Structures are given as structure tokens and as C-alpha cells.
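Just so you know, the UniProt record's numbering puts 82 at position 82 of the sequence shown, and the rest follows in order with no gaps. Using N, Cα and C, we set each Cβ at its ideal position, and we do this for glycine too. Every value quoted in this text rests on a predicted model; they were computed, and no experiment measured them. A short worksheet on the structure shown next.
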Amino acid sequence: MCIMQCARARLFIALGYRYFHAVIGICELRVYGVLSAYCGFSINAFNRDREESNKQRKMRNIVKVVNVIHRLIEFVARGIFLLVAYLSGPAEAQPPIKDLTLMHSATALAIKIRNRQLTSEEVVRSYIARIKEIQPILNCVAETRFEDALKEAKQCDELLKSPNGPSAEVLAKEKPFLGVPFTTKDCIAIEKMKHTAGLVARKNCLADKDAESVHLMRLAGAIPIATTNVSELAMWWESINCIYGTSRNPYNTRHIVGGSSGGEGCLLGAAGSPCGIGSDIGGSIRMPSFFNGIFGHKPSKGVVSNHGQYPSADTADQDKLLGIGPMCRFAQDMAPILQVIAGKNADMLKLQSKVDMSKLKIYYMEDDGGQMFVSSVDPEIRDSMRQVLNYFEKAYGVKAKKVNIRKFKKSLALWFACMSTEPDKDFSYELTNRTGRINIFAEYFKWITCQSDHTFVALITATFERLNVSHGSEFQAKLKEQCKELQQEFKDMLGDDGIFLYPTHPTAAPLHHEPIVKPFNFSYTAIINVLGLPATACPLGLNKQGLPIGLQVVGGLYQDHITLAVAEELQRGFGGWVPPAIIE
């Protein structure tokens, strides 16, 4: 039975299901057909004629009306969710951070362990204690391996004590993270640990070996201590499932942690891990990083192996969208971790290269140009971007250029086209752990009566996918051609010395379950997956409600070192991670 209260479940089914059908009723077409139409390129409108047709003008007016209706739905729903949050009781405060070991970066911990200023066992015990403090409040951890981690930590310490052991210099090169604990989302396999992806049908599945990224981290000396919570099958931007329940934001427990690497972002934001690994197919590293006030990096396409991740990509297009990358409280940890998990591909990235900020070309957009069903960008997020632009102009004399990427209005349609898969491998098939197909409408009834093993959003996703862009269709081919044009546009614009600043998300972390009325807000991150470019989510402090805000820095293909260097610069200029608890 799904972990959810019946009363609240009825509220969300009424609101969410009606909203979903309102979208369908307004459109009067297949959802993706409309997405393409409002973007200005219906199936029969791919000509280059600049003259606006009556049909296009009519569609433009429809879009304006639909956007007004959507804003009204958001406004009313916000009030309902605020009422639910109020009735649920006050937000819970985080335990104070008393152990200053928790305040060091992963790379600093590695140096201290190598130089025997700290033992690995001390560091691992510090993080075990912190996890035990915050887990009852935040519910961000899926499974732990504390005993095994302590054994491995003691082995690291014995190696360092050995008179015949390698020198600190050798270890820095061969095992740069010796003795440092790390965590990873439940979708990324750790040998002999549960590998559920938040799916009840997989609740007893154990990984038979490490994912490639975990294997490489172990070779570098790092010690996995826990896996973290995700959305069901990693296909929603709130981390909630029917095995582990709902994760809660460390800055305000009434708010979401994001998804699908939400548990990871939450644990890191709460100082429960020095560093972690997430995966990103539509923003699953960057959104949780944004919502939890940490740094997160989606690497250039194809750099980090996706082997050992579940669910795996079904098509070559999906594999290009999907990327595994580092999530950290401190910007300086990202490049060394990426150097490790990229393996043999690390040389493609020039991670050791210095970046001259004064020679950067900076481009930016404050919003997507006005997509349908996507929220407006919060004024505080716009202001934070302007502060970044002013910072670079004053500090380095670099004046940013505002651009208008018109295809960004098509972000959703382009991403969905790349995600399209064969009908026999759709989300309904995945929900059975690839053993058959669920009866969606029977599951809706079971959900209403609190008997379903699936979350409501998973059922919506399965329903929505029936309206998807048909895999292999002419329509999909035309959308994919648009993707190639957009990729070329960015290649020409960024070159090898440009960055593009863009909101990570239009709003700070919503209230729990609120994403159901703004499901397409993930488009701000998803379009960067379509481009296949490196993107780094950077925190820029807290808004007036005390929730993290920030932006994402996008670079040219294989120019990851530039976005990571900019992240470090923004950390120096804006402070980076802000602890959600008092430091004693």
C-alpha cells in the first residue's frame, strides 16, 4: 500500500486529475500535437514562410487564453496547498551542526585523511551520526551500509599507518578520495544494496555489482555509506514513492526536495554527506541541487558511463539525454569527482585547465520566452541572475549579451521527441518491472482507495505517454531535426569560450505535491539535456522565504571545465551553500 493519507490522497486526485483533463479539454488535440502547434511548427507548418497565417494567429490567441487559465489554476491550487501545509503542522527545524568535520569539502577531507590529520573512521562516524539525526525529519535516505563503511574506513586507516604504504603524494594521484564517504541515489547500483528506483515491484532487488561510476569512486578510495530516495522510476521532479515515502526539504520541510535525485540533494543540503552522485535525464541533478542549495553538474553527453543505472535508457536518443554527475555542497569538489567518474573519457574535458574569466563570452536568458503550461520566473530568481551579470561586469569587465533562443519555446516538445520509445517499452511497461503492463484505470481506482503500489504522478505519466509523439513517426523526425538545428545554434554561439546563463527552475521549491499543477516546469533543465551540453546548477543564496535560489551555467560541448570554474567563481562571489541549520 502506498505511504499516503487517504484524505490527502482524495484532495490530490481531485485536483490533479481534473487539471490533467482540463489540459486535454483545452487543447482538443493530442497534447504533443498542441505543444508543437503553439511552438509555431505544427506537422503541416514546417515551411520557412515568415508570413503569419490565420491559423497561427488563432493559435497564438488560444495560447494566451490557456496561459491565463493555467495561471489561475496555479493561484487557486497554491492556496489549497498552503492550507494543507498549515493543517499538517509547522515545518520541523534541522538539528544544529555540532561536528565541524561536516563543514569540510570532500577534497579537504581527503587531504586531511592522507596527512593523518583526521582518520577515515572519524569522518565516516561523523556522517553516520548526522544521517541518524536528520533522517527522521527529512526521510531522504533509502538504505544504509554503515557497518561495511566503517570496516572499509578502518582498512583505509591501516593502509595509512603502514610504514610500507604509499606516500601522500602517490595517494593524491592514485586514490584522491581515499577514506572519504559518499552517497548515491537509489537508481545507481551499489553492490549488495537494494536497487529499487522507488518501484514496489523492485523492493527486494539487490544490485549484483556496482554501477561503473560507483566502481570508479571506489577505485579512487571513496566509501559508499548510503543510497538516497528518488521519485518512482526517476520520472518526476518530487522524490516520492510507495517504498520510502516523501523526502522533505531541509530549508523548510513543507517543501519538496526535487527529483529524481531529490534524496541526494536533500541529504547533501542538510550536511549528511560530503559529496554524492546523481543522474540527469531532464534535470534530475540540477533541480534537486537548486531546491536544496547545493552545486550539481550534468556532464557533456556520453562522458560518464550510464552502466549500472536503473531504469536504463531504451534508445540511443535517451542515452544521449541521460548523464551521471557529481552533487556537492562545495563547488571545488565537482571537477575532481568528475575526473574520477569520467574514467578514460576525462581527457576529453580538460578539467585541469585554468579558465580566464575576463575572456569569457557570456550569454543569458531570463526566461523561456513564454511556454504554455510553464510557470513565470520568480522576480527574485531574475534579480539573482542580474546580480551575477553585474558581478562579472564589475569583477572582470565582461558584459553579458541577452539572447532570444526562439526554439526554447519548443523545449517540451523537443525533449519529448527525444524521449519517445517503442509502445511496448513505455512507462506502463516499466511500472511492472518490465514484466507486462499495468491496467492504468484499475490502478487509478486502487489509488483512490489507497490500495495502489504506485504514486498518482506515475499513473499520470503512464496515461500521458499514450498521447506521446509516436516513435519513428514523421512528426518525431521533424522534431529531432529541430533539435539538431538548436544544437548547431548553440555550437555557433558558445564556441569554446562561451557560457549561457539560464534559470534552473522558474520558482523556488514548491510545497509538497504542488508540482502536479505545474508539471512542465522541468522544461528549463530538460532543454539542456536535448542540447547534450554540460550544465552546472549554482546556488545564489536564499529568497525571502528562506528557500534556496540560483541558476544554471551551460557551456559548449566538452567544455565542462568552464562551467565548473564559473561555479567556483560564483561560490567566491555569492557564498555558495548556506547551511540550513545552526552551526554550534
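Under 7 Å Cβ to Cβ from residue i, same chain only, skipping five residues before and after it: list those, please.
| i | result |
| --- | --- |
| Ala346 | Gln339 |
| Thr504 | Arg286, Met287, Phe290, Tyr524, Thr525, Ala537, Gly550, Leu551 and Gln552 |
| Ser284 | Ala234, Gly259, Ser260, Ser261 and Gly278 |
| Lys394 | none |
| Lys446 | Ser452 |
| Glu568 | Ala331 and Gln332 |
Are the Cβ atoms of residue i and residue j separated by less than 8 Å?
| i | j | result |
| --- | --- | --- |
| Leu321 | Cys187 | no |
| Lys298 | Asp280 | yes |
| Ile225 | Pro181 | yes |
| Ala581 | Gln94 | yes |
| Ser247 | Gly262 | yes |
| Leu109 | Arg130 | no |
| Ile294 | Leu268 | yes |
| Ala197 | Ala211 | no |
| residue 602 | Phe490 | Since the first residue of the chain shown is 1 and the last is 584, residue 602 is not available in this structure. |
| Gly282 | Phe522 | yes |
| Gly323 | Lys301 | yes |
| Val517 | Ile73 | yes |
| Glu264 | Thr184 | yes |
| Glu430 | Pro311 | yes |
| His512 | Ile256 | yes |
| Ala142 | Lys209 | no |
| Ala535 | Val554 | yes |
| Pro326 | Cys275 | yes |
| Gly179 | Ser120 | yes |
| Asn115 | Ala168 | yes |
| Trp577 | Arg382 | no |
| Leu557 | Leu533 | yes |
| Ser213 | Val304 | yes |
| residue 672 | Lys175 | Outside the displayed range of the chain (1 to 584) lies residue 672, so it cannot be described from this structure. |
| Asn433 | Leu199 | yes |
Taking 6 Å as the limit between beta carbons, can you name the residues of its chain near residue i, skipping five residues before and five after?
| i | result |
| --- | --- |
| Gln571 | Ala331 |
| Glu152 | Ile223 |
| Thr507 | Ser375 and Asp378 |
| His21 | Confidence is the limiting factor: at His21 the pLDDT is only 37, short of 50, which leaves the residue's position unreliable and the question unanswerable from this model. |
| Asp99 | Ser126 |
| Asp367 | Val377 |
With respect to the beta strand (DSSP E) encompassing residue i, which residues constitute its N-terminal and C-terminal limits?
| i | result |
| --- | --- |
| Gln552 | Pro548 to Gly555 |
| Asp280 | Cys275 to Asp280 |
| Leu109 | Note, Leu109: premise wrong, no beta strand (DSSP E); alpha helix (DSSP H) at Ala106 to Arg114. |
| Pro181 | Pro181 to Lys185 |
| Leu540 | Ala535 to Leu542 |
| Ile256 | Unbroken run through Ile256: none, as it is neither H nor E. |
| Ile223 | Ile223 to Thr228 |
| Ile362 | Lys361 to Tyr364 |
Starting from the C-beta of residue i, find all residues in its chain whose C-beta is less than 8 Å away, skip the five residues before and the five after it, and write them out in chain order.
| i | result |
| --- | --- |
| Asn252 | Ala91, Ala509, Gln545, Gly546 and Leu547 |
| Met217 | Phe177, Phe182, Pro224, Ile277, Ile337, Val340 and Ile341 |
| Thr421 | Asp314, Thr315, Gln318 and His471 |
| Gln309 | Cys187, Ile188, Ala189, Ala211, Ser279, Leu322 and Ile324 |
| residue 585 | Because the chain is modelled from 1 through 584, residue 585 falls outside the range shown and cannot be assessed. |
Considering only DSSP beta bridges, list what residue i is partnered with.
| i | result |
| --- | --- |
| Asn241 | Gly245 |
| residue 660 | This structure cannot settle anything about residue 660, because the visible part of the chain is limited to 1 through 584. |
| Gly308 | Gly308 is not bridged to any residue. |
| Ile190 | Paired residues: none, contrary to the question. |
| Tyr502 | Gln552 |
| residue 623 | No answer is possible for residue 623: the residues shown for the chain start at 1 and end at 584. |
| Val63 | Answer is none; Val63 lacks a bridge partner. |
| Leu511 | His255 |
| Leu267 | Leu267 pairs with nothing; no bridge assigned. |
| Lys402 | Tyr364 |
| Glu143 | Thr227 |
| Ile97 | Ile583 |
Along the alpha helix (DSSP H) that carries residue i, what are the first and last residues, could you check?
| i | result |
| --- | --- |
| His561 | Asp560 to Phe574 |
| Ile582 | Taken as a continuous stretch (DSSP letters only), Ile582 belongs to no alpha helix (DSSP H), as it is neither H nor E. |
| Lys151 | Phe146 to Lys161 |
| Tyr444 | Ile440 to Ile448 |
| Ile460 | Phe456 to Glu465 |
| Asn204 | It is not in any alpha helix (DSSP H) - Asn204 carries neither H nor E in the DSSP assignment. |
| Lys410 | Lys410 -> no alpha helix (DSSP H), and no H or E assigned at all. |
| Arg125 | Ser120 to Leu138 |
| Phe427 | Phe427 to Glu430 |
Strictly under 8 Å for the Cβ-Cβ distance: is residue i near chain C by that measure?
| i | result |
| --- | --- |
| Asp157 | Given the protein chain composition of this structure (a single chain), no chain C is represented. |
Practice problem: Pair every Cβ in the segment 221-235 with every Cβ in the segment 341-356, then say whether three or more of these pairs are closer than 8 Å. | Solution: no
Quiz item: Counting pairs of Cβ atoms below 8 Å between the segment 410-424 and the segment 479-492, do you hit three or more?
Solution: yes
Practice problem: Give a yes or no on contact between the segment 353-364 and the segment 390-410, applying the rule of three or more CB pairs nearer than 8 Å. | Solution: yes
Quiz item: Can at least three beta-carbon pairs, one atom from the segment 447-463 and one from the segment 236-250, be found at a separation below 8 Å?
Solution: yes
Quiz prompt | Stretch-stretch touch, CB-based, cutoff 8 Å, three pairs: the segment 551-565 with the segment 489-500 | solution = yes
Practice problem: For the segment 152-163 and the segment 199-214, state whether three or more C-beta atom pairs, one from each stretch, are separated by less than 8 Å. | Solution: no
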